[in-house]
Amino acid sequence: MPDVPKPPAGAAIYFDGKSSQRRAVTLHLGDRLEIRDGETMLAAWAYADIRRADGPSGMLRLSSLSAPPLARLEIRDAAFAADMVARCASLDENTPGRRGVVAIVGWSLAATISIVAVVLFGVPLAADRLAPLVPDAFERRLGEVADSQVRTLFDAKVCGNAAGEKAFVKLTTAIREAAGMDTTVQSSVLSSAVPNAFALPGGRVYMFNGLLAKAENADEIAGVLAHELGHHKNRDNMRGLIRDGGTSFLVGLLFGDITGSSALIFASRSLVTSSHSREAEQDADGFSIDIMHKLGRPTKPMGELLVRVTGKEGKGLSIISSHPLSEDRLARMTRENRPATKPPLLTPEEWRSLKSICDSGGKI
Ligand SMILES: [Zn+2]
Numbered sequence: 003m004p005d006v007p008k009p010p011a012g013a014a015i016y017f018d019g020k021s022s023q024r025r026a027v028t029l030h031l032g033d034r035l036e037i038r039d040g041e042t043m044l045a046a047w048a049y050a051d052i053r054r055a056d057g058p059s060g061m062l063r064l065s066s067l068s069a070p071p072l073a074r075l076e077i078r079d080a081a082f083a084a085d086m087v088a089r090c091a092s093l094d095e096n097t098p099g100r101r102g103v104v105a106i107v108g109w110s111l112a113a114t115i116s117i118v119a120v121v122l123f124g125v126p127l128a129a130d131r132l133a134p135l136v137p138d139a140f141e142r143r144l145g146e147v148a149d150s151q152v153r154t155l156f157d158a159k160v161c162g163n164a165a166g167e168k169a170f171v172k173l174t175t176a177i178r179e180a181a182g183m184d185t186t187v188q189s190s191v192l193s194s195a196v197p198n199a200f201a202l203p204g205g206r207v208y209m210f211n212g213l214l215a216k217a218e219n220a221d222e223i224a225g226v227l228a229h230e231l232g233h234h235k236n237r238d239n240m241r242g243l244i245r246d247g248g249t250s251f252l253v254g255l256l257f258g259d260i261t262g263s264s265a266l267i268f269a270s271r272s273l274v275t276s277s278h279s280r281e282a283e284q285d286a287d288g289f290s291i292d293i294m295h296k297l298g299r300p301t302k303p304m305g306e307l308l309v310r311v312t313g314k315e316g317k318g319l320s321i322i323s324s325h326p327l328s329e330d331r332l333a334r335m336t337r338e339n340r341p342a343t344k345p346p347l348l349t350p351e352e353w354r355s356l357k358s359i360c361d362s363g364g365k366i
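Counting from 3, one number per residue, gives the positions in the sequence shown under the numbering used here.
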């Protein structure tokens, strides 16, 4: 009887963090951890960037600071897992969640004191001061969990047929680079028919297909995406969470209990339904205007999209906060408008592909 072949030492399951595809891969321990599918190298993770992610017992689940936040490796082979643990010196650093108590209480004495002050003296006072102190790793983790909540809440899928995805990546990359932001910022189109867009903590920007459907050109969508990046840059989402979340969120934050807690459920609901202050909206519009100037593209189209979607007053949606009137925003974007000095961000064909990103027909 032939020996049952042992699985190769580096067998693992890989999720690239961009699609929900589950891939059987082999891991090669080079200068970096190489993730391969046969001969194809899918990714390479520096050992110093690798972190432990929550996983069931009997499995080592890993993420990487330099990979998309949802990218995961799952290793079941105990010997290989032990080898990985030995190589990844920072495996358990900055990991909120189960091991979060020390990490989060430790991040800043000032922040801890602020939380206590918030609990004792009321939230709005400290939200502005506290938001910038929340560590990036925590914010990313929160965004990650909120991401799945959002999809459930809207019963939405991430759209991405090949041609549409290519156009969307081209558009979002141009905006992100003009904004001077790195690839931790991730944007997706969700299949919801609601005309909306919003950002979650951790740099996740969502454009709903319903808004895309109402848009007439790429400048309109670019302006909205840039506006959401403005909220991200100003950490308005964290600020809103701290302000609206009250004590349960803060206590959850303090004790690192963010998985499955009431704080988190609150957080996701609040992120989707809350509106920013008038100032935050104006700042995000200003940020968007700057980005469009840098891209050599007009600012007026975004204002036109908002008015088209909401009418002149514009209420109820997070991209269209109840405070500034869509008409006022259009007026500002018309004032700041400059004639295009650079070519369109997408070709007519790419724009058509983006408009139909949620049609599965385009999938190769
Ligand atoms: Zn906004």
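We treat Cβ as the ideally placed atom computed from N, Cα and C, and that holds for glycine.
A quick note: this is a predicted structure, and the numbers were derived from the prediction, not measured.
So for residue i, helix, strand or coil by DSSP?
i: Asp18; result: coil
i: Val196; result: coil
i: Leu348; result: coil
i: Asp2; result: Here the chain has residues from 3 to 366 only, and residue 2 is not among them.
i: Arg38; result: strand
i: Ser355; result: helix
i: Leu93; result: coil
i: Asn299; result: For the record, residue 299 in the displayed sequence is Arg; it is not Asn. Of the three classes helix, strand and coil, the one that applies to Arg299 here is coil, per DSSP.
i: Met43; result: strand
i: Asp361; result: coil
i: Arg334; result: helix
i: Ala307; result: In the sequence on display, residue 307 carries Leu and not Ala. Helix, per DSSP.
i: Arg237; result: coil
i: Gly288; result: helix
i: Ser59; result: coil
i: Gly145; result: helix
i: Arg280; result: helix
i: Gly88; result: Note that residue 88 corresponds to Ala in the displayed sequence, not to Gly. If DSSP states are grouped into helix, strand and coil, Ala88 belongs with the helices.
i: Thr343; result: coil
i: Gln23; result: coil
Residue i bridges to which residues according to DSSP?
i: Ile52; result: Ser66
i: Leu31; result: Leu35
i: Cys161; result: Val191
i: Ala13; result: Thr28
i: Arg74; result: Phe17
Under the assumption that residue i contacts residue j (Cβ atoms under 8 Å), give the Cβ distance between them as a whole number of angstroms.
i: Asn219; j: Ile359; result: Their Cβ separation, rounded to whole angstroms, is 15 Å, which puts Asn219 and Ile359 out of contact at 8 Å.
i: His229; j: Ser290; result: 4 Å
i: Lys216; j: Val311; result: 5 Å
i: Ala83; j: Leu67; result: With 8 Å as the limit, Ala83 and Leu67 do not qualify as a contact, their Cβ atoms being about 20 Å apart.
i: Ala195; j: Asn211; result: 7 Å
i: Ile15; j: Ala26; result: 6 Å
i: His233; j: Ala165; result: With a Cβ gap of about 29 Å, His233 and Ala165 do not count as contacting.
i: Ala181; j: Ile293; result: 6 Å
i: Met240; j: Leu227; result: Not confirmed; about 19 Å, so no contact.
Alpha helix (DSSP H) segments (min. 4 residues) lying fully within the segment 163-235: Listed in chain order, they are 164-180, 211-216 and 220-235.
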